[in-house]
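A.B. asks: In our numbering, the protein residues as written are 4 to 495. Below is a structure I'd like to ask you about.
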Amino acid sequence: MGCYGGIWKDVTTSGTSPLDYKPGSGSFTGRFVPFNMHDEFTIPLRTYDGGYGASVEYHYAPTNETPPPKKPDPPKVQKCPDTFERDWVKTNWGRFVIHVSGTTASGEYTNRDGKFGPGTMTGTVTGHQLEGTWKDANGEGTISLTLSDDGCTWSGWHFVSPDKTKQLGPKSEPLPPIPVGDPCSDPGMNECIDKWIKLATDLRNKYDTSDPNPNGPWRLNEYGIWVGHVVKAAGKHANWETVYHSNRYCYVWMEFQTEHQFFQYYHGALPPLATFVTDCHSAMPPQPPRPPIAIDPPLVSRMTLVAYKRKVQAGEMVQVPIWLLKGADVANMNFTVAYDPSVATITDSLTGGYLLDGALLDSNVKTSGSILVGFARSSGISGDGPVAYAQFKAVGKAGDRTPLTLAVTTINNTGGSVPAIDLINGEILIVGPEGLIPGSCEGGDTLTAADAWCALQMSVNNRPVKMVMDMDHDGKVTSRDSTLILQKAIGR
């Protein structure tokens, strides 16, 4: 039994359900579609309050009446042969001829993405889906195609095999060689990277049609991480300081070399980062070198060669910039960098920084523990900026460190005179996964009596225990760890 309230009208009425009314009578019979179109019910009506209100009592019972037949779907219109097998004259990969035998597909294309030339494809067809692999002189990978319902077109995506894109520069290898400047610190290259980021962001937001709420459209945060849509927030990479030098441009350059291959950017709409930045920077008018955003050079009073200090986790790579500050008409220089090979090893020849601006540069890393570097120009260089980058691998353990000791053996200006130059040595410090050296209570780069006091407090439960203070590796922090920290603090 149920009860409805409503407005009585003494004329034929209509509602959201297909009811057969009997105008003027006190009841009607019909079918109530939302519950069960086979159920028939009878409703008596009675009015009150001057005829403007009504209440309804009803009951219903099943009926054996057969419901009207459902209208059949309109016939499918097949405009083209329902198969991938065709000479597809115009595609994003040029002319693409596909052959199908049973469930096996093969094919030949003339120009992948309009720039990589001809190649072949093999795969398997299941209904309107083709899954396969492709290969040409410039790469190989997987491909997925979907045939349209009318058989006239297909769409899809492709991926490039990772081992074919290794040369694009994963984080564990040196940066891709770009002759026009340094992507981490060159202001012009930074501007070009920003333009590429804007293009990538616009394309990603264009092709991602999902609801961006509540986190907004796709964008890159200050650490170079994609946020938006389902990604609420993203912090800095674990190697933000050691591998990427706290530099957003370094992160984008080292991590985004294959971004253009992902399906979010559709058929080559996003150019490769290295190609885009190189072309963009080459088209720029010459710019005076400026200090990079993320590297704060020390204050000096006269010309100085500086090797920077860097932190790195054991087994990881780290890039050390070597800068010239207050350079004044330097035409040539030879210098050396000494290091402890038991802590870090040099992995490759040095790469030039943007301050050299086309100068000849060569280096010799064959002698363990020493790097020989030389550069020369027909005209002198002046100002502040990087002259070289040295790529090291940390081979020691957490807490180990090596100085990077500079020595200038030859330096001349364009007239052959020998200018005075000061030196600031650098350092490579190996840290643990937390970014700390063993025994460092508050994150300092050297151990002090304060760290020993901190460990002693932990040993008596007057301070929360940090396992980075476990110097003897016995799984706990005791007074023994405090003693070991004191000994290291005074150099014993």
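Note that beta-carbon positions come from the ideal geometry of N, C-alpha and C, so glycine has one too. Remember, predicted model here, so these are calculated numbers, not experimental data.
1) Roughly how many whole angstroms lie between the Cα atoms of Lys174 and Phe162?
2) With C-beta atoms as the reference, is Met472 less than 8 Å away from Cys444?
3) Considering only their Cβ atoms, is the gap separating Ile325 from Ile349 smaller than 8 Å?
4) Mapping the DSSP letters down to three states, classify Thr525 as helix, strand or coil.
5) Helix, strand or coil, according to DSSP, for Val463 in the structure here?
6) Going straight from the alpha carbon of Leu202 to that of Glu134, what length do you get?
7) Using only the alpha-carbon positions, how far apart do Thr125 and Thr145 sit?
8) Applying the 10 Å Cβ sphere with the 16-neighbour rule, what's the burial state of Arg251?
9) What is the DSSP secondary structure of Gly388, reduced to helix, strand or coil?
10) With respect to the beta strand (DSSP E) encompassing Phe99, which residues constitute its N-terminal and C-terminal limits?
11) Hey, would you say Lys314 sits closer than 8 Å to Val234, going by beta carbons?
12) Mind pulling the alpha helix (DSSP H) runs of 4 or more residues that sit fully within the region 436–493?
13) For the beta strand (DSSP E) holding Phe162, just list the boundary residues, first then last.
14) Between the C-alpha atoms of Gly318 and Thr451, what's the straight-line distance to the nearest angstrom?
15) Please name the residue, chosen from Asn218, Leu489 and His131, that lies closest to Asp153 on a Cα-to-Cα basis.
16) How many angstroms separate the CA atom of Phe87 from the CA atom of Ile101?
17) Less than 7 Å between C-beta atoms, sequence neighbours within five positions excluded: which residues of the same chain meet that for Asp365?
18) Val128 bridges to which residues according to DSSP?
19) For Thr136, tell me which candidate among Pro121, Thr113 and Ser109 has the shortest Cα-Cα distance.
20) Between Thr307 and Leu328, which are expected to be in contact by the criterion C-beta below 8 Å, what is the C-beta distance as a whole number of angstroms?
21) Would you identify the three-state DSSP class for Lys312, choosing helix, strand or coil?
C.D. replies: Considering the structure as presented:
1) For Lys174, the predicted model reports a pLDDT of 32, less than 50, meaning its position is unreliable and no value from the coordinates is stated.
2) Their beta carbons are under 8 Å apart, which means Met472 touches Cys444 by this criterion.
3) No, these two residues do not count as a Cβ contact at 8 Å.
4) Here the chain has residues from 4 to 495 only, and residue 525 is not among them.
5) DSSP places Val463 in coil when its eight states are reduced to three.
6) Straight-line Cα distance between these residues: approximately 30 Å.
7) Spanning the two alpha carbons is a distance of roughly 10 Å.
8) Buried: at least 16 other Cβ atoms inside 10 Å.
9) Shown here, Gly388 sits in a strand according to DSSP, grouped into three states.
10) Note, Phe99: beta strand (DSSP E), Gly97 to Ser104.
11) Remark: C-beta atoms of Lys314 and Val234 do not approach each other more closely than 8 Å.
12) Counting whole runs of 4 or more residues, the region 436–493 contains the alpha helix (DSSP H) stretches 452–462 and 482–492.
13) Unbroken beta strand (DSSP E) run through Phe162: Trp157 to Val163.
14) The C-alpha of Gly318 lies about 26 Å from the C-alpha of Thr451.
15) From the listed residues Asn218, Leu489 and His131, the smallest Cα separation to Asp153 is found for His131.
16) Between the C-alpha atoms of Phe87 and Ile101 there is a straight-line separation of about 6 Å.
17) In the same chain as Asp365, and ignoring 5 residues on each side of it, the C-beta atoms closer than 7 Å to its own belong to Gly377, in chain order.
18) BP columns for Val128 point to Leu133.
19) Nearest of Pro121, Thr113 and Ser109 to Thr136, Cα basis: Ser109.
20) Their Cβ separation, rounded to whole angstroms, is 5 Å, which keeps Thr307 and Leu328 in contact under 8 Å.
21) It is a strand residue.
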